[in-house]
Amino acid sequence: MMTPQQALAALDYTDINIKIAAVEALAHYKYAYAVPQLKALLDSPTVDLRLIVVVVRALSTIGSKEAMDILKTYLFAGTTALSPHTHDQTTYERTSRTDIIHEAVKKAFKQMDTPETRAALAEWDRIMRG
Numbered sequence: 010m011m012t013p014q015q016a017l018a019a020l021d022y023t024d025i026n027i028k029i030a031a032v033e034a035l036a037h038y039k040y041a042y043a044v045p046q047l048k049a050l051l052d053s054p055t056v057d058l059r060l061i062v063v064v065v066r067a068l069s070t071i072g073s074k075e076a077m078d079i080l081k082t083y084l085f086a087g088t089t090a091l092s093p094h095t096h097d098q099t100t101y102e103r104t105s106r107t108d109i110i111h112e113a114v115k116k117a118f119k120q121m122d123t124p125e126t127r128a129a130l131a132e133w134d135r136i137m138r139g
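First residue of the sequence shown? That's 10 in our numbering, and the numbers climb one at a time after it.
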């Protein structure tokens, strides 16, 4: 397994399998120092969809305040009200990526099942019900 420093460096590789292994190593070490780089991966408009779930899982495993704040941001950014017919393609792709991250965060929060994640999910549910 990579060291945390090797894993951080590997995040710059273009090979998706190397990136996934790097993110999994960072999660294994609960390496909070990597949270900004993991956030940058999620925020990238070109993030590989296979990487999204791995990054969300890593952030939830790391569990630092910064990591949880990032996950909560994506939880509350998700929406199901998007129609591809009413938005240009760029907006549709960007929002779809956000929605995929949102769904991954919901799943991670349900699996974590802590008071903090239950409260965040309950708040999101209240907002969605109007």
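In this text, a Cβ means the ideal position worked out from N, Cα and C, and glycines have one as well. Here the structure is a predicted model, which means the values were calculated and not measured.
{"Check": "Helix, strand or coil at residue 108 according to DSSP, with G and I counted as helix", "Outcome": "helix"}
{"Check": "Chain-order list of residues whose beta-carbon lies under 7 Å from that of residue 46 (same chain, five-residue window excluded)", "Outcome": "17 and 20"}
{"Check": "Spatial distance of residue 40 from residue 69 (CA atoms)", "Outcome": "11 Å"}
{"Check": "Between the CA atoms of residue 136 and residue 32 - distance to the nearest angstrom", "Outcome": "32 Å"}
{"Check": "For residue 55, three-class secondary structure by DSSP", "Outcome": "coil"}
{"Check": "Proximity winner among 23, 80 and 120, relative to residue 55 (alpha-carbon distances)", "Outcome": "23"}
{"Check": "Alpha helix (DSSP H) segment containing residue 83, residue limits", "Outcome": "74-86"}
{"Check": "Of the residues 133, 117, 72 and 25, the one placed nearest residue 38, counting alpha carbons only", "Outcome": "72"}
{"Check": "Endpoints, alpha helix (DSSP H) assigned at residue 134", "Outcome": "124-138"}
{"Check": "Simplified DSSP assignment, three categories, for residue 121", "Outcome": "helix"}
{"Check": "For residue 118 and residue 129, believed in contact at Cβ under 8 Å, the rounded distance", "Outcome": "6 Å"}
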